[in-house]
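S.K.: Each residue of the sequence shown is one higher than the one before, counting from 1 in UniProt numbering. For every residue, glycine included, the Cβ atom is placed at its ideal position computed from N, Cα and C.
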Amino acid sequence: MQKMKFGLNVPAKKGPKPVLNRHNAFSHQENEENEVEENQTQQQMKTKSKSHRTMINQQLSSYTTASKKIAEEHTKAIEEDPTIFDYDAVYDDLKNAERKQKEAMKTADTKQARYIQGLLEMAEIRKRDRLLAEEKKVAREREAEGDAYADKEEFTTEAYKKQKEELERIEAEERQREEKAQKKKSMTSFYRQVLDRKEASRLAFMKAMEEKSSAPDTSAPIPARQEADLDLKLAEQARLEGKTVRLNDSNEIVDKRELLGAGLNTKPKYGSFASLASTDERIRERQKEYDEYKRKKVEEYEKRKHEGRHDERERLSREVERQMLENREKEREEQERKQKEFERKIAEKRTTDESAMSAKERYLARKRQRLEQESKESS
């Protein structure tokens, strides 16, 4: 029952009637076409899903095959050397050996200035070079004079004698230092120092490995007989390749790093450079020729370097001597200028005095003349 409102009650408007769809004569044909399209779409989706499934199966099959190959190679490498993938233990041993070596070489730190000592040394070297250049210049001047002052008496102070002896001693020490530096700083010595450092690192690693081997091993060990046979085979193969391998009394390799090269410890392929160098005489001759060529190049480089140092020292000596001569020339010119200025002032003063005397003499002469004339007139 509708609620009544006060006032005029107007009935509500009715909405439009719904339009009824007319029956289409071709609706059956359209339904069949829609069903055919849906069937084709479903068939295409099934084909795509099947091809996608086949592709995934092929990828899984290839991945499984590759995994099997990797597993076989992994097993083969472990059979050859059980510690081939034990990277962490080897890395820890290397770092421990380096740390022990650094601690052994570490010296007590001294708190000193970082640059003052170097500056003082350079100032002392410059002072010494200046004295040496001055001494050489004086010696050349005496040689140029010849026998001009041979009959004169020479007088040298004790301080000059000590200075000359000190300069000779310093020059001899400098020559010895250059000769030692020439021997030490050659490329051969550099390579020797690198090899010595490598040898020290290798010895430290061997010591760490021996200490580790002396400790009880909790991992499952390889039978001693099998390990000894394996070490014998590896040592024989290394000798064929030209390597030096040391065995202990139990026919075990002391340092297996001598067998290793770059990368994993795998067998060298047939026809590699290492295997050819160990069997082919021509390759060894080529290697000897290359080593001889490299040695000659190093000698030529050191010779040029030594000549360059000598020329540089002579050039510096000439430069210091030139600067000293320029300074002396400037001092001499300054002294001459001061002397000329002094002489000019003296000459000006003398000229002023002479002019004053001549004026006074002329005045007295005129006065005498006037007095004489007056006396003549009075008489």
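1. Tell me whether residue 253 is buried or exposed, calling it buried when 16 or more other Cβ atoms sit within 10 Å of its Cβ.
2. Helix, strand or coil: which one does DSSP assign to residue 108?
3. Three-state secondary structure (DSSP) at residue 116?
4. Going straight from the alpha carbon of residue 397 to that of residue 342, what length do you get?
5. Rounded to the nearest angstrom, what separates residue 354 and residue 365 at their Cα positions?
6. Beta-carbon within less than 8 Å of residue 317's beta-carbon, same chain only, minus the 5 sequence neighbours each way: which residues are those?
7. Straight-line CA distance for residue 80 to residue 284?
8. Rank 370, 205, 40, 340 by C-alpha distance to the C-alpha of residue 89 and give the top, closest one.
9. Say whether the region 166-174 touches the region 357-377, bearing in mind that this needs 3 or more beta-carbon pairs closer than 8 Å, one atom from each stretch.
10. Mind checking whether residue 235 and residue 93 have CB atoms under 7 Å apart?
11. In three-state DSSP terms, what is residue 253?
12. DSSP has residue 247 in a bridge; who is on the other side?
13. Is residue 372 helix, strand or coil when you go by DSSP?
14. Among 178, 239, 299, 197, which residue has its Cα nearest to the Cα of residue 313?
15. Could I get the ranges of all uninterrupted alpha helix (DSSP H) runs contained in the region 49-111, with 4 residues as the minimum, in chain order?
16. Using 8 Å for Cβ pairs, my map puts residue 78 next to residue 84. What's the rounded Cβ distance?
17. Can you tell me whether DSSP reads residue 157 as helix, strand or coil?
18. Among 145, 180, 82, which residue has its Cα nearest to the Cα of residue 302?
19. To the nearest angstrom, how far is the alpha carbon of residue 153 from that of residue 142?
20. What number of angstroms, rounded off, separates the C-alpha of residue 68 from the C-alpha of residue 291?
21. Just mark residue 231 as buried or exposed, buried being the case when its beta carbon has 16 or more other beta carbons within 10 Å.
22. Give me the Cβ distance between residue 104 and residue 201, rounded to the nearest whole Å; I'm assuming they're in contact under 8 Å.
23. Tell me the rounded alpha-carbon separation between residue 26 and residue 40.
24. Report the residue from 286, 197, 289 whose alpha carbon sits nearest the alpha carbon of residue 102.
M.R.: This is what the structure gives:
1. Here residue 253 refers to the residue found at position 253 when the sequence shown is read from its first residue. Residue 253 comes out buried.
2. Along the sequence shown, read from residue 1 onward, the residue named residue 108 stands at position 108. Low local confidence applies: a pLDDT of 47 at residue 108 is under 50, so the model's placement there is unreliable, with the coordinate-based value given in what follows. Correct three-state label for residue 108: coil.
3. Here residue 116 refers to the residue found at position 116 of the sequence shown. Looking at residue 116 - three-state DSSP - the assignment turns out to be helix.
4. Summary: the structure shown does not reach residue 397, with the chain confined to residues 1 through 379, and so no result is reported for it.
5. For the purposes of this step, residue 354 is taken as the residue at position 354 of the sequence shown. For the purposes of this step, residue 365 is taken as the residue at position 365 of the sequence shown. If you take the alpha carbons of residue 354 and residue 365, they lie about 16 Å apart.
6. Indexing the sequence shown from 1 puts residue 317 at position 317. Same-chain partners within the cutoff: 129, 132, 133, 136.
7. Mapped onto the sequence shown, residue 80 falls at position 80. Mapped onto the sequence shown, residue 284 falls at position 284. The straight-line gap from Cα to Cα measures roughly 30 Å.
8. Residue mapping note: residue 89 aligns to position 89 of the sequence shown, counting from 1. The shortest C-alpha separation from residue 89 is found at 205.
9. no
10. For this step, residue 235 is matched to residue 235 along the sequence shown. For this step, residue 93 is matched to residue 93 along the sequence shown. Contact: no.
11. In the sequence shown, counting from the first residue as 1, residue 253 sits at position 253. Residue state, collapsed to three classes: strand.
12. Numbered from 1 along the sequence shown, position 247 holds the residue referred to as residue 247. Answer is 253, bridged to residue 247.
13. Here residue 372 refers to the residue found at position 372 of the sequence shown. DSSP places residue 372 in helix when its eight states are reduced to three.
14. In the sequence shown, counting from the first residue as 1, residue 313 sits at position 313. Closest option to residue 313, Cα to Cα, is 178.
15. 87-105
16. As a working mapping, residue 78 is identified with position 78 in the sequence shown. As a working mapping, residue 84 is identified with position 84 in the sequence shown. Sure, about 7 Å apart at Cβ, within 8 Å.
17. As a working note, residue 157 is residue 157 in the sequence shown. It is coil, neither helix nor strand.
18. As a working mapping, residue 302 is identified with position 302 in the sequence shown. Residue 302 has its Cα closest to that of 180, out of 145, 180, 82.
19. Within the sequence shown, residue 153 is the residue found at index 153, counting from 1. Within the sequence shown, residue 142 is the residue found at index 142, counting from 1. Near 14 Å, if we compare the C-alpha coordinates of residue 142 and residue 153.
20. One-based indexing of the sequence shown puts residue 68 at position 68. One-based indexing of the sequence shown puts residue 291 at position 291. For residue 68 and residue 291, the distance between alpha carbons rounds to 46 Å.
21. As a position in the sequence shown, residue 231 is number 231, starting the count at 1. Classification of residue 231: buried, given that the 10 Å Cβ count is 16 or more.
22. For the purposes of this step, residue 104 is identified with residue 104 of the sequence shown, where counting begins at 1. For the purposes of this step, residue 201 is identified with residue 201 of the sequence shown, where counting begins at 1. Not quite, the Cβ-Cβ distance comes to about 12 Å (not below 8 Å), so this is no contact.
23. Sequence index remark: in the sequence shown, residue 26 carries index 26 (1-based). Sequence index remark: in the sequence shown, residue 40 carries index 40 (1-based). Bear in mind that the predicted position of residue 26 carries a pLDDT of just 48, short of 50, making it unreliable; the figure below should be weighed with that in mind. Spanning the two alpha carbons is a distance of roughly 22 Å.
24. As a working note, residue 102 is residue 102 in the sequence shown. Answer by Cα proximity: 197.
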